[in-house]
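Beneath this line is the structure, given in structure tokens, with notes to follow.
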Amino acid sequence: MKRIYVDYNATTPVRPEVFEEMKPYFVSRFGNPSSVHSFGQDVAKEINVARESVANLIGADSKEIYFTGCGTESDNLALKGIAFANRDKGDHIITSKIEHRAVLDSGHFLEKAGFRVSYLPVDQDGLISPDVLKNAMTPDTILVSIMHSNNEIGTIEPIKELAKIVKEMGAYFHTDAVQSVGKVPLDVRDLQVDLLSISAHKFYGPKGVGAIFIKKGTKIEPFMHGGHQERRKRAGTLNVPGIVGLGKAAELAKAEISEEQARLVKMRDKLIDGLQSQVKGIRLNGHRTKRLPNNVSFCFEKVEGESILLMLDMEGIAASSGSACTSDTLEPSHVILAIGVPAELAHGSVRFSIGILTVEEDIDYILEKTPPIIERLRTLSPLK
Ligand code: PLP
């Protein structure tokens, strides 16, 4: 049977070139980059090469890149680190209702610690309105955290416009760019962001390693305490093979991003148009054009997303009902609800996220298999 992986927003395979680059750092080049001897310094050099590659991918200075354990950690550091370091300036934080749990739950934690957190609504496409943000800003606002693109519905937010408003008010701006980095070109100076989160496993690097861009001069309190690694912003011995892999993934992404983006957009649009023309009673989630090049997300009326996924899996198609982090709950996704989809329809959401190994025949196969699955489930559905 054919097996097609279309869940690249959950995770991606490590590219062979990335894996090759990582290998020596497990066995022969095993030194601790904090050690002064040659074993350590040999490795420290490579950490800095990786730092340059990550910086180069997002238009930063390498001194503004700090390695972390994952995207979740980068988000936690951004929110908690800015909140606790700037408490004397204010106690208000703004984020949105469609953020990843790493940001939302950091917000809930900060509320328990005495901060006020506003969760902005989005429109039916998942976009944050600059006017809504402007109205939510107060003189006490110290941080705004809005994701660059949404992991479930793929919408890309107007970050440059939003950050401009925030900078004019003198607050910090963080963007969770975990789903965008490596997929769409972005530049931290052009966007005017102060902090930006990255995760390696979303663009063909290994799992368990991330990075955060922290603009020079940003006042931030570390929340990992211990050694002096990462210029005292993130204690803990560095995950050397992981960081080397992240660096290589960043280098490859920088070289290939435009071409790959165009290839993915073509297949994404074929899948969206194909499903819309072949299946009645479906709603495209997310903005039609301001969306990630690899994301297709639909709600199907009168069917459960989980049943669709099981039947797709039986045909060898691995898709998702939304975020991998919440797919073990049967609650409708907070993102789908936030774009105004009624709860019964929200249960029928399916996300196809394509990537490097996807080819046009895979799209044809999905378009051949999905409509009869929906039809069959609808004839069986108690919801009709
Ligand atoms: N932010 C977004 C938008 C994500 O999609 C994810 C992962 O799904 C994360 C943060 C968390 O990244 P990590 O898996 O590296 O902790």
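My numbering puts the last residue of the sequence shown at 385; the count rises by one with no breaks.
Glycine is no exception: its CB is placed at the ideal position from the N, C-alpha and C atoms.
Checking the DSSP bridge columns, you'll see R284 partnered with C300.
In this structure, G91 has its CB at a distance of at least 7 Å from all heavy atoms of the ligand PLP. Residues of the same chain with a CB within less than 6 Å of the CB of E162, apart from the 5 flanking positions on each side, are P131 in chain order. The nearest non-hydrogen atom of the ligand PLP is 7 Å or more from the C-beta of V7. Exclusion of C300 from the 7 Å shell around the ligand PLP follows from its C-beta lying no nearer than that to any non-hydrogen atom of the ligand. Within 10 angstroms of the beta-carbon of H109 lie fewer than 16 other beta-carbons, which makes it exposed. By the Cβ neighbour-count rule, F31 is exposed, with fewer than 16 other Cβ atoms within 10 Å of its own. Checking the 7 Å criterion, the Cβ of A103 is within range of a heavy atom belonging to the ligand PLP.
Between the alpha carbons of I199 and R292 lies a distance of about 18 Å. If you compare the alpha carbons of I375, L358, V297 and G82 with that of E222, the shortest gap goes to G82. For the pair of segments examined, the region 116–132 was found not to touch the region 312–320: the number of CB pairs separated by less than 8 Å stays below three.
The beta carbon of V194 sits closer than 8 Å to those of I160, A164, F174, H175, T176, F214 and K216, all from its chain and outside the five residues before and after it, given in chain order.
Around the beta carbon of S36, fewer than 16 other beta carbons sit within 10 angstroms, so the residue counts as exposed. In the three-state DSSP reduction, A178 falls in the coil class, being neither helix nor strand.
CA-to-CA, the gap between G287 and S354 works out to about 13 Å. Rounded to the nearest whole angstrom, the CA to CA distance from V360 to M268 is 8 Å. Contact between I154 and I340 holds: their C-beta atoms lie close to 7 Å from each other, under 8 Å. For N49, the closest of P242, I99 and H226 by C-alpha to C-alpha distance is P242. When distances are taken from the beta-carbon of T219 to the heavy atoms of the ligand PLP, even the shortest one reaches 7 Å or more.
Using a Cβ-Cβ distance cut-off of 8 Å, the region 245–263 and the region 87–101 are not in contact, since fewer than three pairs of beta carbons, one from each stretch, lie closer than that value. A straight-line Cα-Cα distance of about 9 Å links G349 and P333. Taking non-hydrogen atoms of the ligand PLP into account, the C-beta of N152 is found less than 7 Å away from one of them. If you check the CB distance, I143 and N87 come in under 8 Å.
The C-beta distance from L285 to F299 rounds to 6 Å, short enough to meet the 8 Å contact threshold. Per DSSP, the unbroken alpha helix (DSSP H) holding T371 starts and ends at E361 to L381.
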